[in-house]
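Below: the structure, in structure tokens.
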Amino acid sequence: MAERRFGIGYALAPKKQQSFIQESLVNLARSRGIDLVRIDTERSLADQGPFDCVLHKLYGDDWKRELAEFRVKNPDGVIIDAPEAIERLHNRISMLQVVSELRIEHESDTFGIPKQIVIYDKETLFDRQAWEGLKFPVIAKPLVADGSAKSHKMALVFNHDGLDNLKPPIVLQEFVNHGGVIFKVYVVGGYVKCVKRKSLPDVSEEEKLGSLDGLMSFSQISNLANNERTDDKYYKMMQLDDTEMPPQSFITDIARGLQQAMKLNLFNFDVIRDARFGNRYLIIDINYFPGYAKMPGYETVLTDFFCDIVQKKEKDGVESTGLDSYEVFSCDDEVRKIVSCDGDDGGDLNLEEENRIQV
Ligand SMILES: Nc1ncnc2c1ncn2[C@@H]1O[C@H](COP(=O)(O)OP(=O)(O)OP(=O)(O)O)[C@@H](O)[C@H]1O
Ligand SMILES: O=P(O)(O)O[C@H]1[C@H](OP(=O)(O)O)[C@@H](OP(=O)(O)O)[C@@H](O)[C@@H](O)[C@@H]1OP(=O)(O)O
Ligand SMILES: [Mg+2]
Ligand SMILES: [Mg+2]
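When the letters of the sequence shown are read in order and numbered with the UniProt record's numbering, they come out as residues 1 to 359.
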């Protein structure tokens with residue numbers, strides 16, 4: 001009898017497609033019975049395929065409608081992941097709210113998020129009362145995290161003078177010294193992998209007082225060119241070797257907790273270790289469908305995941321995958337309100353190029 005083959009359609013922005021859909025992944029998946037097929041976003045999704053599963057990272061209502069139509073016409077198809085679940089990550093407040101709701105006990109380590117406030121208008125930005133409990137330096141981040149270059153544009157703000165350059169809506173998050181190294185935790189279904197990356201350097205007491213401009217801007221500090229990341233030389237160059245990793249079981253528990261709470265399979269989160277305590281970890285960012293190609297052995301990890309999904313679905317039906325993707329994840333009204341902040345009101349830090357941090 002001919003081997004049963006499975007079709008997985010992918011809908012990704014060109015940059016993502018280029019980094020993720022590598023020949024090595026396509027070939028490995030094919031050798032294990034899975035055909036990765038590009039979805040033509042110019043045509044109706046429901047008219048393409050047939051797909052056992054759809055993988056996607058696209059934004060907007062049109063795409064959500066395509067997925068809804070696909071779901072109606074293909075009740076056995078699996079969508080990874082549900083757009084409603086992904087949307088939580090498009091807003092830097094709702095993104096981290098879920099961390100505060102996790103209950104995980106660990107003998108020696110604790111976790112949380114940095115102190116932060118959301119600012120919707122200039123008036124509140126300069127209102128000192130709104131700032132109660134928050135100390136400089138802070139990182140100003142656009143409220144919306146919609147994958148645009150603008151949504152990654154950040155600024156380290158040292159004092160009130162630096163606030164002039166900011167354009168709400170933004171999140172102001174306390175900058176926490178963490179030894180210049182960030183931990184990126186990649187999650188693929190049940191798989192969890194933590195790696196080290198370069199981060200912003202610590203800010204000294206003198207720098208806190210003496211910054212002339214009051215602000216320095218930066219963007220995607222932990223992202224270097226792909227070929228620089230995976231080999232040993234990269235780690236040496238970055239002097240990351242000496243940094244101790246967080247306890248694996250602790251990180252895995254947080255990853256599982258986040259996964260269950262968010263109902264997502266494909267994401268990563270950024271963790272820093274608070275230099276003041278050494279056993280206190282802070283989650284500062286969660287990304288949907290991150291740069292998996294940077295993860296060592298990504299082809300095997302992703303192919304295992306694809307096989308797992310299609311085999312479970314084949315054996316026990318779509319419910320068994322735990323991915324009944326149109327189950328709208330429950331969120332309270334407040335989250336719903338901030339999640340729906342779409343379009344061009346995503347804040348723009350409006351920063352001068354000369355303020356860029358050199359690393
Ligand atoms: N609260 C903080 N304290 C110290 N450093 C921080 C803090 N928040 C962010 N950073 C630094 O700024 C970088 C960018 O922040 P963040 O991860 O929130 O942005 P992003 O653009 O969403 O990143 P990504 O490319 O991972 O999506 C982090 O990798 C880290 O180096
Ligand atoms: O590929 P995309 O354009 O989606 O970029 C994503 C990027 O992956 P890449 O390195 O493959 O570019 C991710 O890097 P790592 O966390 O894995 O380092 C992370 O920066 C995401 O936030 C980006 O997604 P966005 O927030 O912009 O949607
Ligand atoms: Mg990040
Ligand atoms: Mg991010």
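Using N, Cα and C, we set each Cβ at its ideal position, and we do this for glycine too.
Item, Value
"Range covered by the beta strand (DSSP E) that runs through residue 59", "From DSSP, residue 59 is part of no beta strand (DSSP E); its letter is neither H nor E."
"Beta strand (DSSP E) runs contained entirely in the stretch 152–224, provided each spans 3 or more residues", "153–157, 170–174, 181–188, 191–198 and 215–219"
"Neighbour-count burial assignment, residue 217, 16 or more Cβ in a 10 Å radius", "buried"
"Contained alpha helix (DSSP H) runs [length at least 4] in the stretch 269–302, N- to C-terminal order", "none"
"Contact test: residue 285 Cβ vs ligand 4 heavy atom, cutoff 7 Å", "yes"
"Paired residues, beta bridge with residue 149 - DSSP", "Bridge partners of residue 149: none, in fact."
"6 Å Cβ shell around residue 332 - same chain, five flanking residues per side excluded", "Model confidence at residue 332 stands at a pLDDT of 29, short of 50, so the residue's coordinates are unreliable; what they give is reported in the following sentence. Excluding sequence neighbours, residue 332 sits near nothing in its chain."
"At least 3 beta-carbon pairs within less than 8 Å: the stretch 37–46 vs the stretch 80–90", "no"
"Near ligand 3: residue 146 beta-carbon under 7 Å from a heavy atom", "no"
"Cβ-based neighbour list, residue 30, same chain, cut-off 8 Å, excluding 5 preceding and 5 following", "36"
"Pair within 8 Å by beta-carbon distance, residue 156 and residue 198", "no"
"Chain-order list of residues whose beta-carbon lies under 8 Å from that of residue 307 (same chain, five-residue window excluded)", "32, 33 and 34"
"Three-way DSSP call (helix, strand, coil) for residue 27 in this model", "helix"
"Coarse secondary structure for residue 141, derived from DSSP in three states", "strand"
"Segment contact, 8 Å Cβ cut-off, at least three pairs: the stretch 90–97 with the stretch 279–290", "yes"
"Opposing strand residues paired with residue 117 [DSSP bridges]", "172"
"Proximity of residue 181 and residue 243 at Cβ, strictly below 8 Å", "yes"
"Same chain, Cβ closer than 7 Å to residue 7, neighbours up to 5 away in sequence not counted", "35, 37, 49, 50, 51 and 52"
"Between the CA atoms of residue 309 and residue 66 - distance to the nearest angstrom", "21 Å"
"CB of residue 119 within 8 Å of CB of residue 100, strictly", "no"
"Reduced DSSP category for residue 38 - H, G, I as helix; E, B as strand; rest coil", "strand"
"Where residue 2 sits in the DSSP three-state scheme", "coil"
"Any 3 or more C-beta pairs closer than 8 Å across the stretch 262–269 and the stretch 161–180", "no"
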